[in-house]
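>
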Amino acid sequence: MKRLFYLFFLVPCIPSLAKAQFTITNTSTVSLMDPRTGNWPLDLQRVIRESDTCYELSFRDQQESQSVNMETLKFGDRVQLKYFEKGLEALSKGNTGDIAKFKDYTIKRMDVKKQGQKGGLVWYVLTCNDGTMTNFQQPEADRMIAAIKPL
Numbered sequence: 006m007k008r009l010f011y012l013f014f015l016v017p018c019i020p021s022l023a024k025a026q027f028t029i030t031n032t033s034t035v036s037l038m039d040p041r042t043g044n045w046p047l048d049l050q051r052v053i054r055e056s057d058t059c060y061e062l063s064f065r066d067q068q069e070s071q072s073v074n075m076e077t078l079k080f081g082d083r084v085q086l087k088y089f090e091k092g093l094e095a096l097s098k099g100n101t102g103d104i105a106k107f108k109d110y111t112i113k114r115m116d117v118k119k120q121g122q123k124g125g126l127v128w129y130v131l132t133c134n135d136g137t138m139t140n141f142q143q144p145e146a147d148r149m150i151a152a153i154k155p156l
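For the sequence shown, the tail end lands on 156 under my numbering, and the numbers increase by one without skipping.
1. How would you write the range of the alpha helix (DSSP H) that D147 sits in, first residue to last?
2. In this structure, what does DSSP give as the bridge partners for A95?
3. Can you look up V130 in the DSSP assignment and give me helix, strand or coil?
4. Tell me the rounded alpha-carbon separation between Q142 and W128.
5. What are the partner residues of N140, as DSSP defines its beta bridges?
6. How long is the line joining the alpha carbons of E145 and I153, rounded to whole angstroms?
7. Here's a check: name, in chain order, each residue in its chain whose Cβ is nearer than 8 Å to the Cβ of N100, leaving out the five neighbours to either side.
8. Quick check on the burial criterion: 16 or more other C-beta atoms within 10 angstroms. Buried or exposed for I112?
9. Would you report the Cα separation of G81 and G121, rounded to the nearest angstrom?
10. Taking A151 as the reference, which of L49, R54, G102, S72 has the closest Cα?
11. Which class does R54 belong to by DSSP, given the choice of helix, strand or coil?
12. M149 and P40 look like a contact to me (Cβ under 8 Å); what is the Cβ gap, rounded to whole Å?
13. Spatial neighbours of C59 within its chain, please: C-beta separation below 7 Å, excluding the five flanking residues on both sides.
14. By alpha-carbon positions, which one of Y110, N44, T34, F89 ends up nearest to E55?
15. Which residues does DSSP list as the beta-bridge partners of Y60?
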């Protein structure tokens, strides 16, 4: 009788008491654009998780020239990514030394002129609050703006 009790009542309850060793998550990472590849990559990605979407800008930390230290600046949602775009747009119309400050990072514009050159190159320095940094030129910023704008 005890065996029947165990068989019919306790055995069906065991799977509900057991905990899984792992869980299956449905995530997807899509590269929206690669403004720069090679030794100093810069990659804008969309990460889709079960119930939310976030965006990431992956780059190689330029303070580490001897080793490859890939870093990620995370944008919690599309609104935060749009603020990044607006910061780049405002700086592109600004002057050298202008800074766009955000909660987790800052972007600084630097105009580099060589002697005898009429125009010059516009560089942006992206510095995260954890000290990591990268830089990129105006054409790369323009490509990031163009990729973010339709989102």
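In this text, a Cβ means the ideal position worked out from N, Cα and C, and glycines have one as well.
Just so it is clear, the structure is predicted and the values come from calculations on it, not from any experiment.
In terms of the structure at hand:
1. Locating residue 147 in the sequence shown gives position 142, where the first residue counts as 1. In the DSSP assignment, D147 falls within the alpha helix (DSSP H) that extends over 143-153.
2. Start at 1 with the first residue of the sequence shown, and residue 95 comes out as number 90. Its beta-bridge partners do not exist; DSSP assigns none.
3. As a position in the sequence shown, residue 130 is number 125, starting the count at 1. V130 falls in the strand class under three-state DSSP.
4. The residue given as residue 142 occupies position 137 in the sequence shown. The residue given as residue 128 occupies position 123 in the sequence shown. Spanning the two alpha carbons is a distance of roughly 4 Å.
5. Indexing the sequence shown from 1 puts residue 140 at position 135. Within the DSSP secondary-structure output, N140 pairs in a beta bridge with V130.
6. Numbered from its first residue, the sequence shown carries residue 145 at position 140. Numbered from its first residue, the sequence shown carries residue 153 at position 148. Straight-line Cα distance between these residues: approximately 12 Å.
7. What you label residue 100 is simply residue 95 of the sequence shown in a count that begins at 1. Sequence-distant Cβ neighbours of N100 in its own chain, meaning closer than 8 Å and more than five residues away, are R114, D116.
8. Here residue 112 refers to the residue found at position 107 when the sequence shown is read from its first residue. The residue is buried, with at least 16 neighbouring Cβ atoms inside 10 Å.
9. Stepping through the sequence shown from its first residue, residue 81 is reached at position 76. Stepping through the sequence shown from its first residue, residue 121 is reached at position 116. A direct Cα-to-Cα measurement between G81 and G121 gives close to 44 Å.
10. Here the question's residue 151 lines up with position 146 in the sequence shown. Per the Cα distances, L49.
11. As a first step, residue 54 must be located in the sequence shown, where it is residue number 49. If DSSP states are grouped into helix, strand and coil, R54 belongs with coil.
12. Residue numbering aside, residue 149 sits at position 144 when the sequence shown is read from its first letter. Residue numbering aside, residue 40 sits at position 35 when the sequence shown is read from its first letter. Between M149 and P40, the beta carbon gap of about 6 Å places them in contact (Cβ cut-off 8 Å).
13. Taking the first residue of the sequence shown as 1, we reach residue 59 at position 54. Result list for C59: V52, K79, F80, G81, D82, in chain order.
14. Locating residue 55 in the sequence shown gives position 50, where the first residue counts as 1. Nearest C-alpha to E55: T34.
15. Counted from its first residue, the sequence shown places residue 60 at position 55. In DSSP, Y60 forms a bridge with R51, F80.
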